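Asks: Here it is, the structure in full.
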Amino acid sequence: MPELPEVETVVRGLNEQVRGLTINRVLHVAAHLRRREPHLRDLAGDRFLDFHRRGKYIIARLHSGRNLLIHLRMTGRVLFETRTARRGKHDHLELEFVGTSEHLVFHDTRKFGVVEFLDEDRHDGYSSLGIEATEITGRQLHELLHGRARPIKALLLDQTTVAGVGNIYADEALYRCRIHPLRPAGRLSRPQADALAAAIRRLMRLAIKKMGTTFDSYSGVNGNPGEFARYLQVYNREGGRCRRCRGIIKKMRAAGRGTHYCPKCQKR
DNA sequence: ATTCTCACCTGTTAGC
DNA sequence: TGCTAACAGGTGAGAA
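Here the first sequence stands for residues 21 to 288, where the numbers follow our numbering.
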């Protein structure tokens, strides 16, 4: 679900609502979140200093000097809410704070999401993230694509190249600069790389402004959906008309993901 | 080294 | 209506 704009929206919500709060008790930690040490129970007594984002990761800075790393993967949500009813079956972490009745809940239907302490030397995705999608330049992108045979869409989804672009925004960015998702990455010209980088930056900026894209499960910290879905040009519009050329939007499989494009105006 | 496929898990929906 | 298969915003391990 959540790509850079959705994660950024969550981070902003956390900074507005949860920054500065001291954790009173850890009310619940689901078994699948207990893989790594230290145990998340250990959060009790600590305080959230602030939150920031890198790619699709949320990093919480704690008063103890430790950092908490959160990745929402497909269906993860971070919610700050008043808890009255009993805990839902997909609520995997619940924190109680000093001085407020609202709780922080990590909710995740598919359990792909990750919440753990960030340790010094990591060898996973977080430590190998590429250039932020909000900042990438045409020159940088062109350099990264150079000599690559794989489809441009696969490269955009690779977080070690550009950090933050996911399946929705990859389709949207390629559509906006008329590049076919299967075009070999190394065959983009410099002007095309410039256009693609600009489209990515612009999309990120607009989608953040609209608080992300909601189809199903995504919401911000308050449970509010994102508004960007109505600005999508190709994603989830299979069978609809291209707003540029009136062609029919098609869906295929690329880079192992459902991929939407206009065969008439996106050329290989 | 690069690229691809599958597995992870649960819920929803398309198709028969 | 009911059953089954395919699919869903992501990524990591292992294979080719």
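Even for Gly, the Cβ is constructed at its ideal location relative to N, Cα and C.
Treat the numbers as computed from the prediction; the structure is a model and nothing was measured.
Anyone know if the C-beta pair for Arg106 and Phe132 falls short of 8 Å?
Replies: Taking the first residue of the first sequence as 1, we reach residue 106 at position 86. Taking the first residue of the first sequence as 1, we reach residue 132 at position 112. Contact flag unset, no.
Asks: Less than 7 Å between the CB of Asp178 and some heavy atom of the ligand GTP, yes or no?
Replies: Ligands in the displayed structure: none, and consequently the ligand GTP is not present.
Asks: Glu192 to Ala249, Cα distance in whole Å?
Replies: Residue 192 sits at position 172 when you count from the first residue of the first sequence. Residue 249 sits at position 229 when you count from the first residue of the first sequence. Whole-angstrom Cα-Cα distance: 11 Å.
Asks: Within a Cβ cutoff of 7 Å, which residues of the same chain sit near Tyr195, ignoring the five residues on either side of it in sequence?
Replies: Reading the first sequence from its first residue, position 175 is the one you call residue 195. Cβ neighbours of Tyr195 beyond the five flanking positions: Gln253, Val254, Tyr281, Cys282, Gln286.
Asks: So, with DSSP's three-state summary, where would you put Asp70?
Replies: The count along the first sequence starts at 1 and reaches residue 70 at position 50. It is a strand residue.
Asks: May I ask you to report which of helix, strand or coil DSSP gives His91?
Replies: Here residue 91 refers to the residue found at position 71 of the first sequence. Note: His91 maps to strand in three-state DSSP.
Asks: Kindly indicate which three-state DSSP category Thr279 falls into: helix, strand or coil?
Replies: Here residue 279 is taken as the residue at index 259 of the first sequence, counted from 1. Reduced to three states, the DSSP call for Thr279 is strand.
Asks: One question on the structure: do Phe68 and Ile79 come within less than 8 Å of each other, judged by their Cβ atoms?
Replies: Here residue 68 refers to the residue found at position 48 when the first sequence is read from its first residue. Here residue 79 refers to the residue found at position 59 when the first sequence is read from its first residue. No, these two residues do not count as a Cβ contact at 8 Å.
Asks: Thinking C-alpha only, which one of Cys262, Arg203, Glu114, Leu34 is nearest Pro171?
Replies: Locating residue 171 in the first sequence gives position 151, where the first residue counts as 1. The residue with the shortest Cα to Cα distance from Pro171 is Arg203.
Asks: State the CB to CB distance for the pair Leu177 and Glu116, rounded to an integer number of angstroms; the pair is presumed to be in contact (CB under 8 Å).
Replies: Taking the first sequence and counting its residues from 1, the one referred to as residue 177 is at position 157. Taking the first sequence and counting its residues from 1, the one referred to as residue 116 is at position 96. Contact flag wrong, Cβ pair sits at about 38 Å.
Asks: Here's the rule: buried if 16 or more other CB atoms are within 10 angstroms of the residue's CB, otherwise exposed. What is Phe235?
Replies: Position 215 of the first sequence holds residue 235. With fewer than 16 Cβ atoms within 10 Å of its Cβ, Phe235 is classed as exposed.
Asks: With DSSP run on the structure shown, which of helix, strand or coil describes Asp128?
Replies: As a working note, residue 128 is residue 108 in the first sequence. Note: Asp128 maps to strand in three-state DSSP.
Asks: What's the gap between the Cα of Glu114 and the Cα of Ile188?
Replies: Mapped onto the first sequence, residue 114 falls at position 94. Mapped onto the first sequence, residue 188 falls at position 168. The alpha-carbon atoms of Glu114 and Ile188 are separated by roughly 30 Å.
Asks: Give the secondary structure of His110 by DSSP, where H, G and I count as helix, E and B as strand, and everything else as coil.
Replies: As a working mapping, residue 110 is identified with position 90 in the first sequence. Coil.
Asks: With the cut-off set at 8 Å, would you say Leu34 and Val98 are in Cβ contact?
Replies: As a first step, residue 34 is located in the first sequence; it is residue number 14 there, counting from the start. As a first step, residue 98 is located in the first sequence; it is residue number 78 there, counting from the start. Cβ distance < 8 Å, so Leu34 and Val98 count as in contact.
Asks: Determine which residues share a DSSP beta bridge with Phe48 and list them.
Replies: Counted from its first residue, the first sequence places residue 48 at position 28. Rather than Phe, the amino acid found at residue 48 in this sequence is His. Glu114, per the DSSP bridge assignment.
Asks: Considering only DSSP beta bridges, list what Glu152 is partnered with.
Replies: For the purposes of this step, residue 152 is identified with residue 132 of the first sequence, where counting begins at 1. DSSP output for Glu152 lists Ala183 as bridge partner(s).
Asks: Tell me which residue opens and which closes the alpha helix (DSSP H) that Gly33 is part of.
Replies: Within the first sequence, numbered from 1, the residue matching residue 33 stands at position 13. Where Gly33 is concerned, the enclosing alpha helix (DSSP H) stretches over 24 to 37.
Asks: Give me whichever residues DSSP pairs with Ala80 in a beta bridge.
Replies: Within the first sequence, residue 80 is the residue found at index 60, counting from 1. BP columns for Ala80 point to Phe71, Leu88.
Asks: With Tyr146 and Leu89 assumed to form a contact (beta carbons below 8 Å), what rounded beta-carbon distance in angstroms separates them?
Replies: Translated into positions along the first sequence, residue 146 becomes position 126. Translated into positions along the first sequence, residue 89 becomes position 69. Right, the Cβ-Cβ distance comes to about 7 Å (below 8 Å), so this counts as a contact.
Asks: For Glu36 and Gly240, what's the separation of their Cα atoms in angstroms?
Replies: The residue you call residue 36 lines up with position 16 of the first sequence. The residue you call residue 240 lines up with position 220 of the first sequence. The straight-line gap from Cα to Cα measures roughly 12 Å.
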